[in-house]
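Chains as they are written, first to last, in the numbering used here: chain A, 657 to 852; chain B, 516 to 707. Built from N, CA and C at the ideal position, the CB exists for glycine as well. Accompanying notes for the structure given below.
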Amino acid sequence: MKKQTTRSGFFNFSIAGFVWLGSIVLIAGIVHIVSILMMPRVASKNAYARIAAVAPVNQIYALPMPVPGTEVVPFEDASMEMAVCRWSLDQGPIRLRGNVSAERLTLLSFHSRQGQIFYSLSDRSSTRGRIDVLLVNQAQLEAAEANDNEDDPAQELRILAPATEGFILLQALAERPADRPEAQRRLQSFTCGTAR
Amino acid sequence: MFAVFRAIFVVLVGIALGLWATYLSVESGLGFDKISAGPWVAYPKSGTPDADPYVRANISRSGQIPLGVAEGISLIAQTDSAGGELLANCAYVVRGLVPQARFWTIGVVKPKGQFMENAAHRYGFTSEEILWDDRDHFEIQVSSTARSKNWLAMPQSGRFAVMMRLYETSLSTNRKSITEQSMPMIDKVSCR
């Protein structure tokens with residue numbers, strides 16, 4: 657009789673132990689998955705936050721020359737001249753316009769605040785050396801389409817943004833150190849701001 | 516009362532373990548679509564909407580800006596081709612082939628991606644300025660003492676990483692073609 661009680665007590669303990677251990681693993685798993693999924697929303701030093709700390713909204717801002725101590729984000733390419741346009745669609749669509757030159761690498765990428773690249777293009781996508789982008793939300797896209805003239809179609813590239821805030825990164829390759837001023841001029845040809 | 520304490524203990528240990536796992540996975544650069552080619556590591560989907568949650572967490576925590584699909588692909592080596600740490604007090608030679616790309620750049624940075632002070636004020640080379648040995652091969656000397664031809668100056672000590680960026684490469688759409696053989700080797704020559 658006494659032996660049986662002991663045995664059943666041990667058995668109970670081991671089931672309880674598994675339940676507690678299972679609970680720990682379950683909670684750890686949930687916390688792990690939630691924290692990984694939440695990271696892009698809560699990370700305070702993501703690329704957008706770093707750019708927002710230096711760049712004004714809705715205009716072109718040239719990032720400092722890539723040398724030690726001036727990095728805005730890690731893993732910058734030292735051969736690139738960079739500029740950003742931090743945008744907000746609250747005041748209306750964003751117009752980005754500029755000139756690129758054939759055989760010189762110019763790259764544009766469109767980033768949401770949470771770090772998703774929703775569009776990217778290079779100088780090879782330009783129309784006769786011009787880049788003309790209208791960044792819109794769904795309502796702004798419909799408004800732009802309502803104003804379209806069928807006989808004279810708009811030349812601009814319309815990009816639908818999946819967020820209301822983000823940034824455009826412009827990069828111009830300086831093939832040699834002596835090409836830096838030319839790469840800077842290529843970026844300076846760009847304007848970015850709320851479209852009227 | 517004992518059961519309440521035990522429940523609180525279980526919840527706290529569970530939270531701690533979960534956050535620890537998150538920290539470890541982000542620090543180690545875990546990702547479902549991570550590509551390893553010898554010492555080179557790339558996350559080709561890092562900027563796209565189909566980036567996996569680990570890669571997204573890693574990118575947002577480090578603050579780096581990944582390259583878009585039309586821009587190219589970025590590869591980072593934190594070790595040499597033999598798997599050893601990259602140390603500034605050692606001399607390395609980076610040589611071999613480069614996958615097809617319109618332009619490429621190669622440079623040295625600190626392990627977390629900051630530039631390294633160096634007397635020559637050179638942090639990398641582009642495909643246009645590099646001196647080629649013969650038609651398809653190049654050789655870059657990475658060393659704290661001056662070398663001829665393609666030389667990347669190193670500080671006296673510290674760890675570093677090598678970053679290679681392939682701009683407008685066909686690999687952007689065909690990621691399986693990155694192999695150890697198609698990328699440059701990073702060979703240690705000597706140490707001080």
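- Under the Cβ criterion of 8 Å, Pro559 of chain B is not counted among the residues facing chain A.
- Of all residues in the segment 742-753 of chain A, none is placed with a Cβ closer than 7 Å to any Cβ belonging to chain B.
- When secondary structure is reduced to three states using DSSP, Tyr538 of chain B falls in the helix class.
- In the displayed model, Gly533 of chain B falls within a helix according to three-state DSSP.
- Here the alpha carbon of Gly562 of chain B sits roughly 15 Å from the alpha carbon of Val729 of chain A.
- Within the segment 811-850 of chain A, complete beta strand (DSSP E) segments of at least 3 residues are found at 813-816, 821-829 and 847-850, given in chain order.
- With respect to the 8 Å criterion, Leu843 of chain A and Ala718 of chain A are classified as neighbours on the basis of their beta carbons.
- Straight across, the Cα-Cα distance linking Ser845 of chain A with Gln796 of chain A is about 26 Å.
- Contact annotation: in the segment 702-724 of chain A, residues whose CB is within less than 7 Å of a CB in chain B are Asn702, Ala703, Arg706, Pro722, Val723 and Pro724.
- Burial state of Phe774 of chain A is buried, judged by a 10 Å Cβ sphere holding 16 or more other Cβ atoms.
- With a threshold of 8 Å between beta carbons, Pro730 of chain A makes contact with chain B.
- At a Cβ-Cβ threshold of 8 Å, Arg742 of chain A and Phe823 of chain A count as neighbours.
- For Ser659 of chain B, the three-state secondary structure derived from DSSP is coil.
- Taking 8 Å as the cut-off, the Cβ atoms of Ser776 of chain A and Val756 of chain A do not count as close.
- At least one C-beta of chain B is nearer than 8 Å to the C-beta of Gly771 of chain A.
- In the structure shown, Val740 of chain A falls within a strand segment according to DSSP collapsed to helix, strand and coil.
- Rounded to the nearest angstrom, the gap between the Cα atoms of Glu632 of chain B and Ile680 of chain A is 47 Å.
- Using a CB distance cut-off of 8 Å, Ala734 of chain A counts as an interface residue toward chain B.
- DSSP places Asp788 of chain A in the strand class (E or B) of the three-state scheme.
- Along the segment 758-770 of chain A, the positions whose C-beta sits under 9 Å from a C-beta of chain B are Leu761, Leu763, Leu764, Ser765, Phe766, His767 and Gln770, read in chain order.
- Ile815 of chain A and Gln579 of chain B have their C-alpha atoms roughly 23 Å apart.
- According to DSSP, residue pairing for Asp702 of chain B in a beta bridge involves B:Val608.
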